[in-house]
Ligand SMILES: Cc1cc2nc3c(=O)[nH]c(=O)nc-3n(C[C@H](O)[C@H](O)[C@H](O)COP(=O)(O)OP(=O)(O)OC[C@H]3O[C@@H](n4cnc5c(N)ncnc54)[C@H](O)[C@@H]3O)c2cc1C
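Residue numbers (my numbering): 26 to 391.
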């Protein structure tokens, strides 16, 4: 068993412990409270919080170090969030996992091999350790931390002695981009990611274009909602959604039926995709500068026939996403959990600006 402890001088600890427990319950923690005490069990770790009028004592224990680090981080970050002047608090952990460490779940990947799938799709095979948490069809995408080009020694975000994250210095800070795990063999310590080599390359596409064996990226996650079981499937994707569609098609049971529509630049960008016999694959070609025809293809589907027990998965550029999501909501109103339509990139915006925009839109809608 791993164990870590911290004593935190804090005025009125109860006013911090109460919202902290309420918040972690929303994240599926099991919380028991008593006078001057709270016990939080979450994802394989347990935190015991004891407090009086001026001090909070926290002990976190877990059978695995990663679980200990995660709960230590959850407690420390929420103490800082809920305490008045939280950023001024001094938190010093002692025991297992104390001292600077990588973020929980963060993995360093090393480029092992590079493959040209099509002229604009590069598959990079990475080697990494302890990849089991990433081996899931429930959550397909990851955040890649891409160090600036030419940096001799990559710098990763770390957890400091207080259990809170420290960003690397600005000139060494990795850019963060979302990508999909195209295939993974956790036991062999290998995974592959397919990168679209697009014009106006940002850090993601530029990394894929220059990558050499031995180069490193960081990885955090995984995230997203995965494949659901259904009687029939409809997939719609542009080149950025193609890696996810390829992975899901390969994982479908042999008797699955459905249709996958994938839009790429031209016939030279088509690729062989393993899939059940009952799933039809239709390629669309988008000539340079021409508008996408994915939304039209969706609108032309005979949805009432496709409707019962059909699951729709769609990922593409933002303008198509808006149109397809609106159509899906109208046609599949009653079955909101039977469709997942996601905006994977936005013309004219870098991924971080796009993500901030999506967050603001979601907050406005809530
Ligand atoms: C959950 C999720 C999973 C994803 N999985 C993958 C994946 O497996 N493979 C993959 O290649 N992409 C994937 N993407 C899309 C990828 O994150 C974006 O394309 C991202 O913008 C690429 O980063 P960048 O640094 O190359 O460009 P950025 O710095 O983000 O953008 C620079 C410029 O390039 C433009 N741009 C970005 N992407 C494209 C594109 N595809 N075509 C043309 N112009 C573009 C932007 O509009 C911007 O003007 C995924 C996105 C999400 C949200």
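Glycine residues also receive a C-beta, built at the ideal position from the N, C-alpha and C atoms. Computed from a predicted structure; not experimentally measured.
Its Cα nearest to that of residue 109, the residue 44 stands out among 134, 158, 44. Look at residue 375: its beta carbon is less than 7 Å from one of the heavy atoms in ligand 1. Bridge pairing for residue 119: 30 [DSSP]. Of the other Cβ atoms in all chains shown, fewer than 16 fall within 10 Å of the Cβ of residue 161; this residue is therefore exposed.
Counting C-beta pairs with one atom in each stretch, the region 176-194 and the region 222-235 have fewer than three that are closer than 8 Å, which means they do not touch. The beta-bridge partner set that DSSP reports for residue 61 is empty. Under the three-state reduction of DSSP, residue 302 is assigned to coil, being neither helix nor strand.
The bridge partners DSSP lists for residue 241 are 135. Remark: three or more beta-carbon pairs, one from each stretch, lie closer than 8 Å, so the region 61-69 and the region 38-52 are flagged as touching. Between residue 127 and residue 153, the C-beta gap is not smaller than 8 Å, which leaves the two residues out of contact. Taking 7 Å as the cut-off, the C-beta of residue 369 counts as close to a heavy atom of ligand 1. In the structure shown, residue 97 adopts helical secondary structure according to DSSP, grouped into three states.
Only exposed fits residue 254, as fewer than 16 other CB atoms lie within 10 angstroms of its CB.
Considering only 252, 219, 203, 27, the residue with the shortest C-alpha distance to residue 375 is 203. Taking a contact to require three or more Cβ pairs closer than 8 Å, the region 251-268 and the region 333-352 qualify as touching. For residue 168, the Cβ stays outside the 7 Å cut-off from all heavy atoms of ligand 1. Non-local C-beta neighbours of residue 36 in its own chain, meaning closer than 7 Å and more than five positions away in sequence, comprise 79, ordered along the chain. Distances between the C-beta of residue 220 and the heavy atoms of ligand 1 include at least one below 7 Å. CA-to-CA, the gap between residue 346 and residue 141 works out to about 28 Å.
Nearest neighbour of residue 143 by Cα position, chosen from 173, 350, 247, 290, turns out to be 290.
The beta-bridge partner set that DSSP reports for residue 248 consists of 166.
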